[in-house]
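These notes are about the structure you will find just below.
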Amino acid sequence: MGGGSDAGRRPTVNVFGAGIAGLTVAHELAERGFVVRVVEQDTCLDRHGRRRIAMGGVARTQYAIARQARPGGAEGPWSARFCRSDVDGMSAVAEARDLRLVPIHVPFARGSHAAPGGEARADVEGRVRALLAYLRGKDVDFRLEITGYADAHDDAPPPGPGLRPLTNPEEHRELCVERAEAARALIAAAAGGAACTIAASGQGERAPRRSDGAAPDHNRWAVVEVCFTVLPGEHGFRFFPSYYNHVFDTMRRIPLLDEDGNESGRTVYDNVVPTPNQGIVSGGLSPLIMPRSPPGSDHERAERLAALRTMGYTAADLTQLMLRVLRYMCTSAGRRAQEMERISWWEYLEGYDPATGARLYHYSERFERDAKTQSRVLASFDAVWGDARTCGNTYVQLFYNWVRTLPKVDGTLSGPTSEAWLDPWRAYLERRLGVQFILGGLERLELEGGEIVPHGFLIRLATGERAEGDDLTARERELIEALRSADYHVVATDACSAEAVTEPLRRAGVAAGVPRDLGGFTTKVRPPPPEEGEGAPRPAAGAGHAFGVTAWDRFQTMSGLQFFFTQELKINNGYVYYSQAPWGLTSINSAQFWRRRPTLERDGFVSLLSIDLCDWNTRAREGAAAGRTAAECGPVGIAEQVFAQIVAEMRPAGAAAEAPIYDPPAPAWFYLDELLEFDERGVFTRARVPYLVPIKADFQSRPGPPPWDPTPRVVSPPPAKAPEAALWQAPHGGYLVHWGKLVFAGVYLKTFTRMSTMEAANESGRHAVNAILDHLRLVKAPAMGAAAGAPGAPATSGVPGGAPAPAPGGGYPGAAPQAARHMRSEVFYRSTPAGDYCAIWDMEHWELPEFALAKQYDAWCLERGLPHPWDLLGIERIPSLVSKLAHSAGAPAGAGPAGADGASLDALLEGTLRMAYPWGGADAVLEMLRGIRKAVEEGSKLA
Ligand SMILES: Cc1cc2nc3c(=O)[nH]c(=O)nc-3n(C[C@H](O)[C@H](O)[C@H](O)COP(=O)(O)OP(=O)(O)OC[C@H]3O[C@@H](n4cnc5c(N)ncnc54)[C@H](O)[C@@H]3O)c2cc1C
1 MGGGSDAGRR PTVNVFGAGI AGLTVAHELA ERGFVVRVVE QDTCLDRHGR
51 RRIAMGGVAR TQYAIARQAR PGGAEGPWSA RFCRSDVDGM SAVAEARDLR
101 LVPIHVPFAR GSHAAPGGEA RADVEGRVRA LLAYLRGKDV DFRLEITGYA
151 DAHDDAPPPG PGLRPLTNPE EHRELCVERA EAARALIAAA AGGAACTIAA
201 SGQGERAPRR SDGAAPDHNR WAVVEVCFTV LPGEHGFRFF PSYYNHVFDT
251 MRRIPLLDED GNESGRTVYD NVVPTPNQGI VSGGLSPLIM PRSPPGSDHE
301 RAERLAALRT MGYTAADLTQ LMLRVLRYMC TSAGRRAQEM ERISWWEYLE
351 GYDPATGARL YHYSERFERD AKTQSRVLAS FDAVWGDART CGNTYVQLFY
401 NWVRTLPKVD GTLSGPTSEA WLDPWRAYLE RRLGVQFILG GLERLELEGG
451 EIVPHGFLIR LATGERAEGD DLTARERELI EALRSADYHV VATDACSAEA
501 VTEPLRRAGV AAGVPRDLGG FTTKVRPPPP EEGEGAPRPA AGAGHAFGVT
551 AWDRFQTMSG LQFFFTQELK INNGYVYYSQ APWGLTSINS AQFWRRRPTL
601 ERDGFVSLLS IDLCDWNTRA REGAAAGRTA AECGPVGIAE QVFAQIVAEM
651 RPAGAAAEAP IYDPPAPAWF YLDELLEFDE RGVFTRARVP YLVPIKADFQ
701 SRPGPPPWDP TPRVVSPPPA KAPEAALWQA PHGGYLVHWG KLVFAGVYLK
751 TFTRMSTMEA ANESGRHAVN AILDHLRLVK APAMGAAAGA PGAPATSGVP
801 GGAPAPAPGG GYPGAAPQAA RHMRSEVFYR STPAGDYCAI WDMEHWELPE
851 FALAKQYDAW CLERGLPHPW DLLGIERIPS LVSKLAHSAG APAGAGPAGA
901 DGASLDALLE GTLRMAYPWG GADAVLEMLR GIRKAVEEGS KLA
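Going by UniProt numbering, 500 is the number at position 500 of the sequence shown; the sequence numbering is gapless.
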């Protein structure tokens, strides 16, 4: 698209990778009129066991076929419960059809529901036995489904005096069911007690092929089919906290269609259902259930704090924690960048001063232990190494649920991820927006004559083989050519793959921007912070635990594990954190939230416990795996130990290890993430997609420049320096366009969300699209940009799509300070001639508006080299002192602030705060501080 002869042609874009980032790019661009092709290299099974192109990356559902539930196996009772996504089991259905073992037709006489006798009966019995013998060899769990049919026109009893044709729908249905039941009795007798579940139902008319292949002349049958138990496994469960603005915005634009393919008026956003409670289980204490919505009254707030006291925390712990969070909320983005990114969350809680090395605040042993493990069970990182800005931003957003009523509290999906979200997404992209999905992969990127060229391959779905060489069909050749010549290429793969495909550019010495930053990003282990540098080569897969090599390794292993039950099981109606489980566990009983609850007859299971296993380096304390880490166990050992840890964590205080009161039913099956690799001995080798965790002083090592927020009235700082030749960046900053056509998207790039989540993947996809929109209007089709008077002259640096000079000062004329936008509402859309910018929510702008002035003032102090206003005046010390006074000198726990002393300290606090915030804003802070103190004191009375 050169802006000349082909002006008016819709720009074409290849997106490599159909994860959340890639699908977001496709969605946003296709809605803006681009021609989009998504190239994805993985396949997976759908819920009917058919192989298809994988959609959703690690977030997709991994369907697996259940094995035959047997009491024991070679490795003990758990080995028989392990299921994998494996075509062999699924293809058994097709094979049985090829062998003409199914369907089995049980014939009935006209108008009758009496099972056949004589030869016909012997024939059915023989076929049933042959089918069961075949299935037993397959080791898969199966049910026989029998459906009775009747023919409305031709199935009346033989005409005779007083007999009418079968025109009444009730009679018709009844006859179908009776035939199914009769066939069931026949088959049960033929099976002679074989382990199979036989379900029967009536269905009306159908014209089945007869076993000899001939078309039937009537519908007087009961038809027997084999149905396997397909388990909806997942990489890990899907958690949607209320602050997921990007993901929710996308979901609101994906229509849900009814059974006839018409819009139902609902969108995927309606499939995110609230999980009202959160459970915390801490070995030896009663499980604590906390609502995720704000307390309805002061008393309820106090009750919640009292409940937290039962976890063994002191009033001082809670006061200090809330003070630290409050101070964080009064801290400007600039100071967070400068001071918080380089220290850990735990160091922040301790009031660590990097200049002096001093620690200011102390907590009880119990609190310290839980505070350090909480982030581990939340998202696999260590609070001692995880950076304070990423953790602080996330905790502030999670805390929001407790102070504001939001449209959704934490949510989960109303079905397996693929059914509730990804399938409707693909349908919308493909059918409505014309996005083309191609099974194939990107192998490498090369620079050829100054042009960036993707080299890839196509895969044939039917065989799973690559289409290459002379064997290529004309259509495949055309496709490969089209993939090379698109206007833009977006690499939306995981970080490991992104590093691998950009390797030729580094080897050729031409890498710049993201390809250069990716060198060693996944293949080296960074040195311990604050040390910086390249780090040591990562151990190869198979040579031990390849990721999570050290506690400060930015890539850890995190994985999902699901237990499926044939009995009802519900621990809580929300997420449960097992804060002391050695392997860092979180769970949710997903199936309770599903719109279509599983049933034994249809699905083979009724409940499901979905676990995230977040710590692969800590040793188990009890059981067969005692002394071993998850990384040192095989799949069966992992499942057995995880289940044992959950049961042990639920033990009541003081109970002996061998006396758990929590006695869940044994799972019939478990499913372990297929992206985990084990060697032939069953020993874990590596996670194919490791999990990127925040490590202090590491955020800036993420590839590429910082993200850009297009919301009007937000001033984004201009890029620090003009980008090099071969790179293009919009004058206001944002993601890079490499060699005029290559852009990257994915969780491993810099985002405002920071944490590796679907929200970050979606956000990053939006930044990639915004960069393309800017590049298109300013460089590829400059007439577009000029027409709209867009900011920044399209002066290029000589290479195709080269860099324009940054606009002086960046930002937009008349832009107001960013703090003016501290409201939680929709962002304003901003149009460009190439299409609206994708909306971006910088989560630091979406915190409590009450503290906007305090943050602004802190920014002012920072600019002048002054400390945080709280530190300058020792504000945090005063409320701690008030609390201390209330509980000191023999005062009974829970007594209010000690009379005159309390009142004078309170006055001191007020005076100091007014001094600290001369521009205003002190009242909001004061109110929150008093609220905290009151709640803690009231809570202490109730505790
Ligand atoms: C156990 C676990 C639980 C989690 N739970 C949550 C949660 O509850 N909530 C949440 O928000 N986040 C959660 N996450 C994180 C979240 O799922 C991921 O961060 C996010 O989905 C990543 O999306 P992505 O598009 O960047 O990458 P990916 O999902 O990795 O997608 C990349 C895609 O690119 C394809 N690809 C790779 N290489 C190539 C190539 N060369 N050519 C073509 N295609 C290629 C891959 O096959 C894949 O489909 C969890 C993560 C884990 C590990």
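Cβ atoms here follow ideal geometry from the backbone N, Cα and C, with glycine treated the same way. Since this is a predicted model, take the numbers as computed values, not measurements.
Assuming residue i and residue j make a contact with CB atoms under 8 angstroms, what is their CB distance in whole Å?
i, j, result
"I104", "V224", "4 angstroms"
"R526", "R506", "The pair is not a contact, with the Cβ atoms about 18 angstroms apart (cut-off 8 angstroms)."
"residue 979", "F34", "Any question about residue 979 goes unanswered here, given that the chain covers just 1 to 943."
"Y575", "Q374", "Not quite, the Cβ-Cβ distance comes to about 13 angstroms (not below 8 angstroms), so this is no contact."
"I840", "E763", "7 angstroms"
"L413", "A420", "4 angstroms"
"W583", "A546", "Their Cβ separation, rounded to whole angstroms, is 18 angstroms, which puts W583 and A546 out of contact at 8 angstroms."
Please determine, among the options, the residue with the shortest C-alpha to C-alpha distance to residue i.
i, options, result
"E347", "M755, V39, S364, A383", "A383"
"R688", "Y735, T522, N572", "T522"
"Q562", "E234, F16, D249", "E234"
"P416", "L609, V39, A109, G126", "L609"
"S364", "A761, Y269, M311", "M311"
"R651", "A130, L285, L23", "L285"
"S587", "L613, G17, T711, Q436", "L613"
"A92", "A114, V268, R67, R81", "R67"
"G411", "Y269, E863, R619", "Y269"
"G111", "R426, G148, R404", "G148"
"F752", "A771, A130, A781, A337", "A337"
Quick one: grab the DSSP three-state call for residue i.
i, result
"F239", "coil"
"I571", "coil"
"W669", "strand"
"S282", "coil"
"L378", "helix"
"A696", "Note on identity: in this sequence residue 696 is Lys, with Ala being the wrong assignment. Coil, per DSSP."
"P635", "helix"
"P515", "helix"
"V25", "helix"
"F16", "strand"
"Y400", "helix"
"N245", "helix"
"residue 1002", "Because the chain in this structure spans residues 1 to 943, residue 1002 falls outside the shown range and cannot be described."
"R497", "First, the amino acid is wrong: residue 497 is Ser here, not Arg. Looking at S497 - three-state DSSP - the assignment turns out to be helix."
"W919", "coil"
"P11", "coil"
"I588", "strand"
"T147", "strand"
"V35", "strand"
"Q68", "coil"
"K138", "coil"
"K372", "helix"
"K750", "coil"
"N617", "coil"
I'd like the list of long-range same chain contacts for residue i, defined as Cβ closer than 7 angstroms, with 5 residues on each side in sequence excluded.
i, result
"G513", "G704, L727, L736, H738"
"residue 960", "This structure cannot speak to residue 960, because the chain is shown only from 1 to 943."
"R914", "A922"
Leaving out five residues on either side along the sequence, give the residues of the same chain with a beta carbon under 6 angstroms from the beta carbon of residue i.
i, result
"F744", "V491, V514"
"P116", "P107"
"G535", "K524, V525, R526, P527"
"R52", "D46"
"T394", "M755"
"E622", "none"
By Cβ distance below 8 angstroms, which residues in the same chain neighbour residue i in space, the five residues on each side in sequence not counted?
i, result
"I932", "T319, M322, L323, L326, P879"
"R930", "D906"
message = Quick test of the definition: if touching needs 3 or more C-beta pairs under 8 angstroms, does the region 676 to 687 touch the region 619 to 637?
response = yes
message = For the structure I just gave you, are there three or more beta carbon pairs, one from the region 197 to 205 and one from the region 173 to 189, closer than 8 angstroms?
response = yes
query = Would you call the region 773 to 781 and the region 862 to 870 touching, i.e. three or more CB-CB distances under 8 angstroms?
reply = no
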